[in-house]
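Residue numbers (this note's numbering): 10 to 315.
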Ligand SMILES: [Zn+2]
């Protein structure tokens, strides 16, 4: 028993020394410590194992525990592997003809008065941040916005805005979107698209995420634009559907998306939902979203014919 214990601990000590890259110490130390172990063992075999027995086993145990602690630390600081890619088939189809001229005229008139209809709100600085160019392990990150994540507010636009204007010192409470669109079509900008809004937690798009804090799992936030629609009255609950979004909301949504597509150069196929990017399986928004309504409007703005 005792011999087995000594042998086991000795193997752990060897592994530990090898891990630390100490082959020379290992070679020269093997003989000395091996003789010491045998001397101690013969002492033990003669019935001398007492509470105040020699400290070789204690020493070796200590070495083994240290190796375990170091292994755990290195696992915690290792860069996590990105998640498995989940394919996204965009409901938006390429469309280069068959536009509805009435829709085109209406949206173009709205585009001309966009400045008056679009308001900015001062989101508290705890609820957004800079886009990272490098991750905690020194690997370069591409901070360019290249995926749009659609959400819904569940509660009123005003309650969402109040949440974003409230300071949230705890990481877990920090939340924001870049833009929210009210039921009346009002466009409220909350975070500059060049900054990082905290719209999604554990998430990825086509297998890509960015880890910007070694203690928190990856998310799409570093390269995402988050856009939320105010939920209608009958959807302010946890049910799976509601009556849907207003025509004015789809108009404003198409105008904001067209603006972002022109500005950042991503394809409409990169417009997705929080439900799709969420890896925790907890998010189902936006509920009752009608992609055909968006298709008609983006087509009318010639955003679906790259
Ligand atoms: Zn969401």
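C-beta atoms are modelled at their ideal positions from N, C-alpha and C, and glycine is treated no differently.
DSSP three-state assignment for residue 339, whether helix, strand or coil:
The structure shown has nothing for residue 339, since the chain only spans 10 to 315.
8 Å Cβ cutoff met for residue 279 and residue 157:
yes
Tell me whether residue 36 sits in a helix, a strand or coil according to DSSP, three-state version.
Caution applies to residue 36, whose pLDDT of 35 falls short of 50 and renders its modelled position unreliable; the model cannot decide the point.
For ligand 1, list every residue whose C-beta falls under 6 Å from any of its heavy atoms, going in chain order.
160, 283, 292 and 294
My guess is that residue 159 and residue 282 are in contact by the Cβ rule of under 8 Å, so how many angstroms apart are they, rounded?
5 Å
Exposed or buried, residue 299, counting other C-beta atoms within 10 Å across all chains shown (16 or more means buried)?
exposed
Could you tell me if residue 146 is buried or exposed, where buried requires 16 or more neighbouring beta carbons within 10 angstroms of its beta carbon?
exposed
Quick test of the definition: if touching needs 3 or more C-beta pairs under 8 Å, does the segment 219 to 234 touch the segment 137 to 145?
yes
Extent of the continuous alpha helix (DSSP H) to which residue 309 belongs
300 to 309
Look at the alpha carbon of residue 292 and the alpha carbon of residue 112, and state the distance between them as a whole number of angstroms.
32 Å
Whether residue 228 touches residue 189 by CB criterion (8 Å):
no
Write down the C-beta distance between residue 243 and residue 127 rounded to the nearest angstrom, noting that I regard them as a contact closer than 8 Å.
Contact flag wrong, Cβ pair sits at about 27 Å.
Between residue 260 and residue 150, which are expected to be in contact by the criterion C-beta below 8 Å, what is the C-beta distance as a whole number of angstroms?
Between residue 150 and residue 260 the Cβ distance is about 35 Å, and since that is not below 8 Å, they are no contact.
Does the distance from the C-beta atom of residue 183 to that of residue 136 stay below 8 Å?
yes
For the alpha helix (DSSP H) that residue 123 lies in, which residues bound it at each end?
123 to 126
What separation, rounded to the nearest whole angstrom, lies between the Cα atoms of residue 306 and residue 134?
34 Å
Would you mind reading off the limits of the beta strand (DSSP E) that contains residue 185?
That residue, residue 185, is in no beta strand (DSSP E); it is neither H nor E in DSSP.
What residues are listed by DSSP as bridge partners for residue 161?
238
According to DSSP, residues forming a beta bridge with residue 217
214
Among 202, 208, 162 and 165, which has the Cα closest to the Cα of residue 181?
208
Under 6 Å Cβ to Cβ from residue 36, same chain only, skipping five residues before and after it: list those, please.
Its pLDDT being 35, under 50, residue 36 is placed unreliably in this model, and the value from its coordinates should be taken loosely. Nothing meets the Cβ criterion.
Work out the CA separation of residue 234 and residue 187 for me, nearest whole Å.
6 Å
So, using beta-carbon positions, are residue 303 and residue 263 closer together than 8 Å?
yes
Alpha carbon to alpha carbon, what distance is there between residue 75 and residue 240?
54 Å
Cβ separation of residue 104 and residue 313, assumed to be a contact under 8 Å, to the nearest whole Å:
4 Å
Can you tell me whether residue 274 is buried or exposed, with buried defined as 16 or more other CB within 10 angstroms of its CB?
exposed
What three-state label does DSSP hand residue 200 in the structure shown?
coil
Can you pull the DSSP bridge partners for residue 252?
In the DSSP output, where bridge partners are listed per residue, residue 252 has none listed.
Residue 140 burial status per 10 Å Cβ neighbour count (16 or more: buried):
buried
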